[in-house]
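First residue of the sequence shown: 15, per this note's numbering; consecutive thereafter.
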Amino acid sequence: MFLSRYGTRSLSGNLGRLGSRISNHTTGLQAANKLLLCRNFSMALEESYENIIVETPEEGGGRVAVIKLNRPKALNALNDALFADLIHATSVLDDSEDIRCMVLTGSTPKAFAAGADISEMKSKTFEEAYTTDMFAEWQEISKLGGTPIIAAVSGYCLGGGSELALMCDIVVCSKDAKFGQPEINLGVIPGAGGTQRLTRAIGKSKAMHLCLTGDMMTSDEAYASGLVAKVYENDELLPQSIAMASKIASKGRASLRAAKEAVNAADELSLAEGLRFERRLFQSLFATDDQKEGMAAFLEKRKPDFK
Ligand code: CAA
15 MFLSRYGTRS LSGNLGRLGS RISNHTTGLQ AANKLLLCRN FSMALEESYE NIIVETPEEG
75 GGRVAVIKLN RPKALNALND ALFADLIHAT SVLDDSEDIR CMVLTGSTPK AFAAGADISE
135 MKSKTFEEAY TTDMFAEWQE ISKLGGTPII AAVSGYCLGG GSELALMCDI VVCSKDAKFG
195 QPEINLGVIP GAGGTQRLTR AIGKSKAMHL CLTGDMMTSD EAYASGLVAK VYENDELLPQ
255 SIAMASKIAS KGRASLRAAK EAVNAADELS LAEGLRFERR LFQSLFATDD QKEGMAAFLE
315 KRKPDFK
């Protein structure tokens, strides 16, 4: 596996030197185009990122990548440069045949991310915000095709940080996690999914409460509302998230992709359309070796060996 040689060390090197550094203003589409030029993943992953850390922990068996948002002094506030790094890394990893699950977390227990970078936004004019379609490229994270992403949240998960977590496939958190959409306190509203994905995730009244008051939710409230799937002790967050990612990574590649696609379609389709889409995906999996292997393994009372 191309990643195994990196072990747990951060992927290092010089992206600029390799001539494929994604600039602060590079859009997600441009990042994807860069990837087409950079199909050699080992080369792509030797690049360094200024605002994130990418690791492949031993416990993940080479199939799990951990991405840490890394601007701890600014509580991992999400600026353009960080998002360009994040889109690049997640696109490379999503395209990799080896990586089956990603864990996205903060580099400091104090924050997953305290929102979009306010100092970067403060002086923008309406014209700039509108003509650059500010935050549109953030949605690239939610469009990644196959590889599930677990958001492992500790500390503050606010504004754009909460919206980023909601773009991931599963959200888990530590006991000290705090979720909120405090944009109203800045004279604006959520701009990357806080009024839409959050409402779908936790319902209108709770989402409206967060968006109108700017108050924060505790981890217990986040669990009770369905925003997070699991709450762990603070020091168990990363190990448990990697264990969950490893379990996911042991499943079949095609069935993982189909499950992610089908669940995500529930937000977009009517029930009748969604059920039809689910059935078609289910039926199509009978064309895969993993379906034959999974069902044979069950009947032979052994563990399946998925591709
Ligand atoms: N942008 C830029 N810098 C930020 C930031 C942000 N969103 N959040 C925190 N920081 C910076 C602070 O300015 C501070 O920097 P300095 O040390 O240089 O002063 C540093 O991080 C530490 O922050 P605090 O001193 O404020 O730490 P605290 O523990 O007292 O408070 C906090 C923590 C409650 C999270 C507070 O920092 C806070 O309220 N942050 C802003 C949260 C917010 O409003 N987020 C929404 C942003 S808008 C958005 O995200 C739009 C969208 O929909 C995409």
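Beta carbons: idealized from backbone N, C-alpha and C, even for Gly. Quantities reported herein were computed from a predicted structural model and do not represent experimental measurements.
- Shortest gap from the CB of S133 to any heavy atom of ligand 1: under 7 Å.
- Exposed is the label assigned to I203, since fewer than 16 other Cβ atoms lie within 10 Å of its Cβ.
- Taken in chain order, the complete beta strand (DSSP E) segments of 3 or more residues contained in the segment 107–159 are 115–120, 125–127.
- Ranking A98, T213, K274 by CA distance to the CA of G240 puts T213 first.
- In the DSSP assignment, F193 is bridged to C171, M231.
- Judged by DSSP secondary structure, K82 falls within the beta strand (DSSP E) whose first and last residues are 78–83.
- According to DSSP, C182 shares a beta bridge with no other residue.
- Per DSSP, reduced to three states, the secondary structure at K306 is helical.
- Short of 6 Å from the beta carbon of N90, and not among the five residues preceding or following it, lie these beta carbons of its own chain, in chain order: L83, G120, A125, A127.
- Non-local C-beta neighbours of K220 in its own chain, meaning closer than 7 Å and more than five positions away in sequence, comprise S239, ordered along the chain.
- In the DSSP annotation of this structure, the continuous segment of the alpha helix (DSSP H) that includes V277 starts and ends at 267–279.
- Cβ contact annotation for I198 (same chain, cutoff 6 Å, sequence separation greater than five): G228, in chain order.
- With distances taken between CA atoms, A259 lies nearest to I164 out of D190, I164, D319, C171.
- Assignment of beta-bridge partners to C187 by DSSP yields V167, V245.
- If the five residues before and after G205 are omitted, its C-beta is found closer than 6 Å to the C-beta atoms of F149, all from its own chain and listed in chain order.
- Contact between L118 and A166 holds: CB atoms are separated by about 7 Å, below the 8 Å threshold.
- In the displayed model, I216 falls within a helix according to three-state DSSP.
- Apart from sequence neighbours up to five positions away, the residues of its chain that approach A272 with a beta-carbon distance below 8 Å are L295, F296, S298, L299, ordered along the chain.
- Counting the other Cβ atoms within 10 Å of the Cβ of E314 gives fewer than 16, which makes it exposed.
- Taking the Cβ atoms as the reference, G194 lies roughly 4 Å from M230, within the contact range of under 8 Å.
- In the structure shown, L283 adopts coil according to DSSP, grouped into three states.
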